[in-house]
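To start, the structure under review is shown below, and the notes come after it.
Chains as they are written, first to last, in my numbering: chain A, 688 to 802; chain B, 124 to 233.
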């Protein structure tokens with residue numbers, strides 16, 4: 688069974704441009720999360736989907752970030768316009784509804800570099 | 124404020140030596156604590172859950188509510204233990220929302 692897949696693995700864009708990151712969760716996992724790690728800092732929660740609904744988006748930094756999960760399958764995270772401080776690694780994770788607490792399955796991450 | 128602190132960025136030990144990766148937390152309530160590990164070129168993965176009181180790959184971690192700590196220990200380090208270790212906290216409700224520490228790189232030298 689495939690794990691959580693993220694695309695692209697690395698994106699380099701200029702300040703002001705737009706980037707869209709994609710996450711395909713493990714099949715059947717209703718819970719999908721976005722986290723990010725900016726340089727030198729801890730991994731921080733961005734938001735949580737349950738199926739297609741946003742359960743918690745308290746970690747989204749500002750309105751330049753837009754996450755969607757149409758149909759409750761894959762998710763996209765769009766940054767528009769990108770700023771220098773958005774550089775970092777964006778992780779997606781998924782979890783089944785019956786998983787044990789804390790058992791998230793992470794993707795390999797999408798590294799974003801904003802120049 | 125909810126916070127997880129891992130005071131060491133890097134811990135370097137020789138093979139066979141004991142290892143203790145420190146983790147302290149701040150949380151008003153009854154948190155659940157976890158250790159995640161990321162080996163080189165691999166994904167972040169769950170290593171231990173405090174509630175399970177399990178030993179995985181020789182690692183154990185005990186939740187000390189009095190000291191608000193959840194240190195990760197292994198009596199004899201192996202080279203394959205070299206990795207980045209993250210301590211994480213989850214509040215009640217099993218939502219999957221985790222608060223991570225900054226991580227500690229464990230380097231086990233031959």
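Where is the CB? At the ideal position from N, CA and C, for every residue including glycine.
So which residues on chain A does residue i lean against when the C-beta distance must stay under 9 Å?
i: residue 174 of chain B; result: 787, 788 and 789
i: residue 163 of chain B; result: Near residue 163 of chain B there are no residues of chain A at all, since even the closest Cβ is about 12 Å away, more than 9 Å.
i: residue 213 of chain B; result: 788 and 789
i: residue 209 of chain B; result: 729 and 730
i: residue 143 of chain B; result: Within chain A, no residue comes near residue 143 of chain B; the closest Cβ sits about 20 Å away, beyond 9 Å.
i: residue 155 of chain B; result: 788 and 789
Taking the alpha-carbon of residue i as reference, which of the options has the nearest alpha-carbon?
i: residue 125 of chain B; options: B:151, B:179 and B:219; result: B:151
i: residue 759 of chain A; options: A:694, A:696, A:701 and A:713; result: A:713
i: residue 128 of chain B; options: B:192, B:143 and B:170; result: B:192
i: residue 220 of chain B; options: B:184, B:155 and B:188; result: B:155
i: residue 722 of chain A; options: A:776, A:786 and A:697; result: A:776
i: residue 148 of chain B; options: B:178, B:201 and B:187; result: B:187
i: residue 140 of chain B; options: B:200, B:214, B:204 and B:217; result: B:200
i: residue 779 of chain A; options: A:752, A:792 and A:715; result: A:792
i: residue 134 of chain B; options: B:153, B:214 and B:204; result: B:204
i: residue 136 of chain B; options: B:145, B:202, B:153 and B:194; result: B:202
i: residue 209 of chain B; options: B:158, B:217 and B:174; result: B:158
i: residue 729 of chain A; options: B:216, B:217, B:130 and B:214; result: B:130
i: residue 794 of chain A; options: A:726, A:711 and A:727; result: A:711
Are residue i and residue j close, meaning C-beta to C-beta below 7 Å?
i: residue 138 of chain B; j: residue 233 of chain B; result: yes
i: residue 781 of chain A; j: residue 691 of chain A; result: yes
i: residue 167 of chain B; j: residue 184 of chain B; result: no
i: residue 180 of chain B; j: residue 143 of chain B; result: no
i: residue 229 of chain B; j: residue 222 of chain B; result: no
i: residue 733 of chain A; j: residue 746 of chain A; result: yes
i: residue 696 of chain A; j: residue 706 of chain A; result: no
i: residue 799 of chain A; j: residue 774 of chain A; result: yes
i: residue 751 of chain A; j: residue 766 of chain A; result: yes
i: residue 132 of chain B; j: residue 194 of chain B; result: no
Output, in chain order, the set of chain A residues within a Cβ distance shorter than 7 Å of residue i.
i: residue 147 of chain B; result: By Cβ distance, chain A contributes nothing, its closest Cβ being about 14 Å from residue 147 of chain B, past 7 Å.
i: residue 134 of chain B; result: Those within 7 Å of residue 134 of chain B in chain A number zero; the least Cβ separation is about 17 Å.
i: residue 219 of chain B; result: 718, 720, 735, 782 and 791
List the residues of chain A that residue i touches, going by C-beta distances under 8 Å, in chain order.
i: residue 193 of chain B; result: Here the premise fails: no neighbours, minimum Cβ distance about 12 Å.
List the whole-angstrom C-beta distance separating residue i from residue j, where the pair is believed to meet the contact cut-off of C-beta under 8 Å.
i: residue 207 of chain B; j: residue 226 of chain B; result: 5 Å
i: residue 719 of chain A; j: residue 797 of chain A; result: With 8 Å as the limit, residue 719 of chain A and residue 797 of chain A do not qualify as a contact, their Cβ atoms being about 14 Å apart.
i: residue 769 of chain A; j: residue 801 of chain A; result: 5 Å
i: residue 169 of chain B; j: residue 703 of chain A; result: Not quite, the Cβ-Cβ distance comes to about 38 Å (not below 8 Å), so this is no contact.
i: residue 717 of chain A; j: residue 218 of chain B; result: Contact doesn't hold; Cβ gap of about 12 Å is too wide.
Under 9 Å between beta-carbons, which chain B residues line up against residue i? List them in chain order, please.
i: residue 728 of chain A; result: 225
If the cut is a Cβ gap below 8 Å, which residues of chain B does residue i touch?
i: residue 778 of chain A; result: 167
i: residue 743 of chain A; result: 218 and 220
Taking C-beta pairs closer than 7 Å, name the residues in chain B that residue i reaches, listed in chain order.
i: residue 794 of chain A; result: 166
Legend entry - Contact the region 157-170 of chain B vs the region 736-751 of chain A: 3+ CB pairs below 8 Å: no
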